[in-house]
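Heads up, the thing below is written out as C-alpha cells.
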Amino acid sequence: LTYTDFPANTPAETFAEPPEHDLTLLAIVGIKDPVRKEVPDAVLTCKRAGISVRMVTGDNIHTAKHIARECHILTDGTAMEGPEFRKLAAADAIADRLPELQVLARSTPEDKYVLVSALQAGGDVVAVTGDGTNDA
C-alpha cells in the first residue's frame with residue numbers, strides 16, 4: 001500500500017493513471033488463498049488409482065511449488081515456468097519432458113492447450129478441472 005501527496009488544486013485528470021514513482025510505502029500485505037481441505041486427499045485418491053496429477057497455474061513458480069507440495073502433486077517431478085515450456089514446445093522437445101512435469105507455473109491458456117494436446121498426442125486421456133474462466 002503506497003501513497004503520494006498532490007497539491008489541493010491538482011486537476012482530476014491527473015488521477016486517470018496511478019503514479020509509478022515518488023510513492024511512500026505504508027504497508028506490505030500478504031494474502032493467503034488456502035488450499036481447500038479436501039484437495040490433498042482427492043489428489044492422493046487419484047494417484048492411488050494410477051492417475052497422473054499435474055498443476056498448471058498462472059501463479060509464480062514459488063507459490064505454485066508450495067501449493068503443489070501441500071497437495072501432494074509435486075513429489076519427485078519437475079516444476080517449470082511458462083517461458084521455458086514455450087521454448088521446449090517451439091523446439092518440439094516437450095514430449096521428452098512430459099513424464100516428469102508435475103507443475104507448470106506462469107502459464108497462459110495457450111500453454112494449457114499445448115500441454116493437453118501434447119499429452120493426448122502421446123496417448124494419454126486427459127481430464128481438466130479448474131476454478132477460473134481460463135480453465136474452461
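Numbering (the UniProt record's numbering), first residue to last: 1 to 136.
Glycine included, every Cβ here is placed at the ideal spot set by N, Cα and C.
Item: Counted within 10 angstroms of its Cβ, other Cβ atoms place LYS32 as buried (16 or more) or exposed; Value: exposed
Item: Nearest candidate by alpha-carbon position, reference LEU98, set ILE28, PRO83 and THR78; Value: THR78
Item: Segment limits, alpha helix (DSSP H) that includes ALA89; Value: 82 to 90
Item: CB of SER117 within 9 Å of CB of VAL56, strictly; Value: no
Item: Rounded separation between VAL39 and CYS71 - CA only; Value: 6 Å
Item: Identity of the residue in ASP5, ILE28, ALA105 and ALA16 nearest ASP22 by Cα; Value: ASP5
Item: Whole-angstrom distance between LYS65 and VAL29, CA atom to CA atom; Value: 21 Å
Item: Straight-line Cα distance separating PRO18 from VAL43; Value: 42 Å
Item: LEU98: first and last residue of the uninterrupted beta strand (DSSP E) it sits in; Value: Note, LEU98: premise wrong, no beta strand (DSSP E); not H, not E.
Item: Proximity below 9 Å, CB of ILE73 to CB of VAL53; Value: yes
Item: Three-state secondary structure (DSSP) of LEU119; Value: helix
Item: Identity of the residue in ALA49, LEU115 and THR75 nearest ASP92 by Cα; Value: LEU115
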